[in-house]
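Visitor: Here it is, the structure in full.
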Amino acid sequence: MAKQKSLLLVDDDASTLRVLSKVLAGYPDQRLALSGEQALALARARCPDLILIDMEMPGMSGTQLCSVLKNDSSLAHVPVLFVTSDDSEATRLEALQLGAADFVTKPIVAEQLQARVGAVLRTVAEVERAKAEATQAALHEPEVLRAGPSRLLVVGSDPVEVSGLHETLEGIGEVRTADARDLVMIMVLARTWRPDLVLVDTALQGREEPGFDLCRLFKAAPTLSHVPIVFVSRQADGFDETRALALGAADILARPFSGTVLKARVRNLLELKRRTDIELAMAASEGQRLQADRLAAVVEGASDAIITINAAGDIALMNAAAGRLLAMDPLLSTGRPAADLLTERLPGLDLTQPTSGQRVLLSRCDGTEVPAEVSISIVGNGTLRLTTLMCRDLTDRERLAAESSARAAAEAANKTKALMISYVAHEIGNPLNCILGFAQLMACDRVAPLNATQAQRVAMIEAGCTQLSTLMNDLSALGHFELGQLSVRRGPVNVLEVLDSALRTTAGLAEQMQVTLTQSREVPEGVLVLADGNRLRQCLVNLLSNGIKYNKRGGSVTIALKVQDQFLQVSITDTGIGMSPEQIAHLYEPFNRLGLQDSRLPGTGLGLVVTRQLIDAMGGQLTVTSSPGDGSCFTFTLLLAEDLLPH
């Protein structure tokens with residue numbers, strides 16, 4: 001499986017970064033940077049395959065960042081693609097002169113950006129493949145680097161346009177022209193003359209163009225696949241531009257453009273081709289004697305651990321990453337028998353057999369163990385046989401996988417807990433309502449009235465059932481909320497009727513705790529709010545119960561209602577023990593009783609949690625003010641049902 005390409009996206013605007021990341025979602029290995037300094041640190045920590053840079057950034061600009069990258073020997077080879085809102089000729093020239101592989105203009109066109117990125121990465125891959133092929137070919141027939149001026153092949157069907165391109169490019173190198181309709185002759189010329197760059201002049205108007213066929217033929221020919229092809233179009237067409245880049249074109253130029261821009265882009269591509277040819281020639285000439293020092297220079301900056309073993313079984317190369325992973329000194333390890341150093345470190349791994357992505361528990365020299373993924377490749381035969389190990393530390397990957405698994409398990413456990421809570425609350429509710437109903441019947445039975453002692457005991461049963469019923473309602477609401485199934489049906493509700501019902505429910509508790517309930521109703525009779533009547537009653541019962549339970553003997557709870565703009569404001573103020581800022585910070589945590597769990601005060605720490613969830617679901621907002629010893633005030637707002645508001 002091909003290694004995923006790594007992208008580094010750089011822009012000082014976070015929203016633009018998100019757009020770039022989404023457009024390039026086909027490359028999941030992405031890192032984002034909001035400044036040039038941050039991008040430089042990320043690139044040096046792990047070398048990316050391509051860097052997209054916004055040219056206009058505060059601090060270190062995009063052009064300054066590109067200059068630093070190109071002067072860093074470990075990052076100079078990484079292609080840079082500029083993103084800019086300035087499409088002027090001066091900007092284009094500056095980008096090309098800095099060594100940028102390409103640039104796109106804002107606003108971002110998704111298909112164009114994807115095509116440009118794909119074309120740049122494909123060019124890099126073709127160069128690497130050509131280097132590998134040249135290395136293998138050099139074992140049989142070393143290639144000599146061609147000297148002389150650059151060779152440019154201009155292909156087109158319009159003699160006037162072809163002649164104009166020929167005249168513009170004459171000063172850059174040797175230029176030859178060919179008719180775009182004669183593909184056979186073009187391929188014969190290309191194989192014998194070996195151009196360094198091909199310019200295809202085409203209309204690019206949606207019909208099948210010879211230029212597309214020529215591009216396919218070049219990319220299919222091993223000796224021509226790395227030759228850059230530039231399309232010159234008579235008009236900008238996003239679809240055909242994307243198509244040309246997908247076929248392997250190195251660049252697209254849409255008329256009108258100046259000769260200066262054309263020359264700059266051609267010189268840029270020729271310089272890339274020249275460097276590629278030099279690398280190919282170097283790889284070919286040294287293919288028969290792959291020495292440790294040359295290999296070390298190539299792989300020293302790799303983030304993966306790389307170890308090369310020669311035909312004698314000695315370590316020929318160990319890069320810095322391998323030294324860090326194994327806790328060894330690469331310089332002291334080079335030249336020593338691989339079996340002595342690696343057999344114990346890589347238990348169960350056969351160093352004589354190729355393998356890909358094998359997981360091992362690597363034993364480091366300092367005694368620690370690290371999970372690693374090892375691939376072994378073998379090239380050459382006899383004295384030229386080289387065995388290369390590539391090791392990747394899996395610690396971070398497996399830690400993330402474990403965290404993901406633990407998170408999934410926790411979510412599953414939470415779902416199971418929520419289902420159980422909802423089920424228990426529902427099942428207990430039926431017999432509880434039965435007990436409560438009979439207690440209420442006994443209390444008001446005139447045929448067989450209760451004596452004072454019996455009435456007191458029945459009142460205690462009724463109060464306990466009411467408290468337990470409130471708890472079951474809260475548990476049920478919490479369970480449904482955690483399952484994402486909390487049901488709230490908003491409609492016009494008479495808030496005074498709901499309040500009276502809540503007061504009747506909590507009256508027994510208030511009498512038992514010797515707390516006075518008072519009201520301040522600055523609202524018209526019959527005022528309506530948008531809410532769920534049952535859920536609103538549940539919220540009021542919870543808030544009133546808390547105000548009573550956490551109050552003092554002889555204290556009071558005041559319920560105040562008033563209209564503010566389009567909202568009804570309900571405040572419940574008590575004269576109780578109050579709360580500190582630290583307690584308020586943890587007020588809405590389930591089952592957290594804020595240090596009162598060992599007291600005799602009843603409660604579970606659920607009422608306020610559920611109340612806030614329900615008020616939020618009804619479109620309201622719950623706030624609290626409190627201080628130790630001075631009581632608390634809980635206030636919530638609900639939207640008025642304006643059309644039904646009495647006048």
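What the sequence shown shows, in UniProt numbering, is residues 1 to 647, in sequence order. Beta carbons are placed, not taken as given, at the ideal position from N, Cα and C, and that holds for glycine. Treat the numbers as computed from the prediction; the structure is a model and nothing was measured.
Bridge partners for F212 per DSSP, in chain order?
Guide: By one-based count along the sequence shown, residue 212 stands at place 212. Looking at the DSSP assignment, F212 forms no beta bridge with any residue, so it has no partner.
Visitor: Could you tell me whether the region 4-24 touches the region 46-58, where touching means 3 or more Cβ pairs closer than 8 Å?
Guide: Output reads yes: the region 46-58 touches the region 4-24.
Visitor: With the cut-off set at 8 Å, would you say C215 and A190 are in Cβ contact?
Guide: Counting from one through the sequence shown, the residue named residue 215 turns up at place 215. Counting from one through the sequence shown, the residue named residue 190 turns up at place 190. For C215 and A190, no; Cβs fall outside 8 Å.
Visitor: Got a sec? Which residues, its chain only, sit under 6 Å from S547 by beta carbon, not counting five neighbours each side?
Guide: Walking along the sequence shown from the start, residue 547 turns up at place 547. Strictly speaking, residue 547 in this sequence is Gly, with Ser absent from that position. Counting only Cβ-Cβ distances below 6 Å, and skipping sequence neighbours, we find V557, I572 and D574.
Visitor: In chain order, what residues of the same chain lie with their CB nearer than 6 Å to the CB of A292, ignoring the 5 residues before and after it?
Guide: The residue you call residue 292 lines up with position 292 of the sequence shown. Note on A292: pLDDT 47, under 50, position unreliable in the model; no value is reported.
Visitor: Taking the alpha carbon of T516 as the point to measure from, which residue in S487, G554 and L528 has its own alpha carbon closest?
Guide: Locating residue 516 in the sequence shown gives position 516, where the first residue counts as 1. Among S487, G554 and L528, the Cα nearest to that of T516 is on G554.
Visitor: Cutting at 8 Å between CB atoms, please list the residues of its own chain near V266, excluding the five before and the five after it.
Guide: Taking the sequence shown and counting its residues from 1, the one referred to as residue 266 is at position 266. If we look at V266 and ignore the five residues flanking it on each side, its Cβ neighbours are L152, L169, I172, L197, L199 and V230.
Visitor: Mapping the DSSP letters down to three states, classify E369 as helix, strand or coil.
Guide: Numbered from 1 along the sequence shown, position 369 holds the residue referred to as residue 369. E369 falls in the strand class under three-state DSSP.
Visitor: Taking all protein chains shown into account, decide if V184 is buried (16 or more other Cβ within 10 angstroms of its Cβ) or exposed.
Guide: For the purposes of this step, residue 184 is identified with residue 184 of the sequence shown, where counting begins at 1. Classification for V184: exposed.
Visitor: Do you know offhand how far I461's Cα is from Q467's?
Guide: Against the sequence shown, residue 461 aligns to sequence position 461. Against the sequence shown, residue 467 aligns to sequence position 467. Using only the alpha carbons, I get a separation of about 10 Å.
Visitor: In three-state DSSP terms, what is G464?
Guide: Stepping through the sequence shown from its first residue, residue 464 is reached at position 464. In this structure, G464 counts as helix in the three-state DSSP scheme.
Visitor: Nearest CA to the CA of C633: which residue from T343, L69, G576 and T506?
Guide: For the purposes of this step, residue 633 is identified with residue 633 of the sequence shown, where counting begins at 1. Here the closest residue by C-alpha is G576.
Visitor: When burial is assigned at 16 or more other CB atoms within 10 Å of the CB, is K5 buried or exposed?
Guide: On the sequence shown, position 5 is the one that residue 5 refers to. K5 is buried by the Cβ-count criterion.
Visitor: Quick check: the region 388-401 against the region 359-374, are there 3 or more CB pairs under 8 Å?
Guide: Judged by Cβ distances under 8 Å, the region 388-401 makes contact with the region 359-374, as three or more pairs qualify.
Visitor: Spatial neighbours of Q597 within its chain, please: C-beta separation below 7 Å, excluding the five flanking residues on both sides.
Guide: What you label residue 597 is simply residue 597 of the sequence shown in a count that begins at 1. Only weak support exists for where Q597 lies, its pLDDT of 48 falling under 50; the coordinates are left without a value.
Visitor: Do you know whose CA, among T91, V624, R489 and C444, lies nearest L530's CA?
Guide: For the purposes of this step, residue 530 is identified with residue 530 of the sequence shown, where counting begins at 1. Closest option to L530, Cα to Cα, is R489.
Visitor: Are C66 and L98 touching if we call contact CB-CB under 8 Å?
Guide: Locating residue 66 in the sequence shown gives position 66, counting from the first residue. Locating residue 98 in the sequence shown gives position 98, counting from the first residue. Result yes, Cβ atoms of C66 and L98 sit closer than 8 Å.
Visitor: Relative to the alpha-carbon of D329, which residue among S356, L17, P354 and D366 has its alpha-carbon at the smallest distance?
Guide: Here residue 329 refers to the residue found at position 329 when the sequence shown is read from its first residue. Ranking the options by Cα distance to D329, first place goes to D366.
Visitor: To the nearest angstrom, how far is it from the Cα of A401 to the Cα of V374?
Guide: For the purposes of this step, residue 401 is taken as residue 401 along the sequence shown, with counting starting at 1. For the purposes of this step, residue 374 is taken as residue 374 along the sequence shown, with counting starting at 1. Going by the C-alpha atoms only, they are around 19 Å apart.
Visitor: Excluding the 5 residues flanking I307 on each side, which residues of the same chain have their C-beta closer than 6 Å to its C-beta?
Guide: Here residue 307 refers to the residue found at position 307 of the sequence shown. M318, A322 and L389, listed in sequence order.
Visitor: Within a Cβ cutoff of 6 Å, which residues of the same chain sit near Q358, ignoring the five residues on either side of it in sequence?
Guide: Position 358 of the sequence shown holds residue 358. Around Q358: V374.
Visitor: P524: buried (16+ other C-beta within 10 angstroms of its C-beta) or exposed?
Guide: The residue given as residue 524 occupies position 524 in the sequence shown. Classification for P524: exposed.
Visitor: Counting pairs of Cβ atoms below 8 Å between the region 36-46 and the region 79-90, do you hit three or more?
Guide: Output reads no: the region 79-90 does not touch the region 36-46.
Visitor: Measuring alpha carbon to alpha carbon, tell me which residue in P195, G259 and P256 is nearest P228.
Guide: Stepping through the sequence shown from its first residue, residue 228 is reached at position 228. Of the candidates P195, G259 and P256, the one whose C-alpha sits nearest the C-alpha of P228 is P195.
Visitor: Based on the DSSP secondary-structure assignment, which residues constitute the bridge partners of A562?
Guide: The residue you call residue 562 lines up with position 562 of the sequence shown. Before going further, note that residue 562 is Lys rather than Ala in the sequence given. Paired residue(s): E522 and Q569.
Visitor: Inspect the beta-carbon positions of P492 and A617 and report whether they are closer than 8 Å.
Guide: Against the sequence shown, residue 492 aligns to sequence position 492. Against the sequence shown, residue 617 aligns to sequence position 617. No.
Visitor: Are there 16 or more other CB atoms within 10 angstroms of the CB of H140, so buried, or fewer, so exposed?
Guide: Here residue 140 refers to the residue found at position 140 of the sequence shown. Residue confidence for H140 is low, a pLDDT of 45 falling below 50, so the modelled location carries little weight and cannot support an answer.
Visitor: Between V527 and L496, is the Cβ-Cβ spacing less than 8 Å?
Guide: Locating residue 527 in the sequence shown gives position 527, counting from the first residue. Locating residue 496 in the sequence shown gives position 496, counting from the first residue. A contact, by the Cβ cut-off of 8 Å.
Visitor: Helix, strand or coil for S150, going by three-state DSSP, please let me know.
Guide: Numbered from 1 along the sequence shown, position 150 holds the residue referred to as residue 150. Strand at S150.
Visitor: Count the other CB atoms, across all protein chains shown, that sit within 10 Å of the CB of L204; report buried if there are 16 or more and exposed otherwise.
Guide: For this step, residue 204 is matched to residue 204 along the sequence shown. Confidence in L204 is poor, its pLDDT being 43 and thus under 50, which makes the residue's placement unreliable; the coordinate value appears in the next sentence. Buried, since its Cβ has 16 or more Cβ neighbours within 10 Å.
Visitor: Within the same chain, show all residues whose beta-carbon is closer than 6 Å to that of A327, passing over the 5 residues directly before and after it, in chain order.
Guide: As a working note, residue 327 is residue 327 in the sequence shown. Closer than 6 Å at the Cβ level, and outside the excluded window around A327, lie R364, C365 and D366.
Visitor: Considering Cα atoms alone, identify which of R399, S580 and E511 is closest to S627.
Guide: Numbered from its first residue, the sequence shown carries residue 627 at position 627. Nearest C-alpha to S627: S580.
Visitor: I need the straight-line Cα distance from G54 to G62, nearest angstrom please.
Guide: To locate residue 54, count along the sequence shown from 1; it is residue 54. To locate residue 62, count along the sequence shown from 1; it is residue 62. With the sequence shown as reference, residue 54 is identified as Asp, and Gly is not the correct amino acid for it. If I take the Cα positions, the gap works out to 6 Å.
Visitor: Can you give me the C-alpha to C-alpha distance between V541 and L587, rounded to a whole angstrom?
Guide: Here residue 541 is taken as the residue at index 541 of the sequence shown, counted from 1. Here residue 587 is taken as the residue at index 587 of the sequence shown, counted from 1. The straight-line gap from Cα to Cα measures roughly 18 Å.
Visitor: Thinking just about the alpha-carbon of each residue, which of T352, Q538 and L568 is nearest to the one in A502?
Guide: Position 502 of the sequence shown, counted from the first residue, corresponds to residue 502. That would be Q538, whose Cα lies nearest to the Cα of A502.
Visitor: Report the option in S73, R324, P28 and L349 whose CA atom is closest to the CA atom of A305.
Guide: As a working mapping, residue 305 is identified with position 305 in the sequence shown. Comparing Cα-Cα distances from A305 to each of S73, R324, P28 and L349, the minimum goes to R324.
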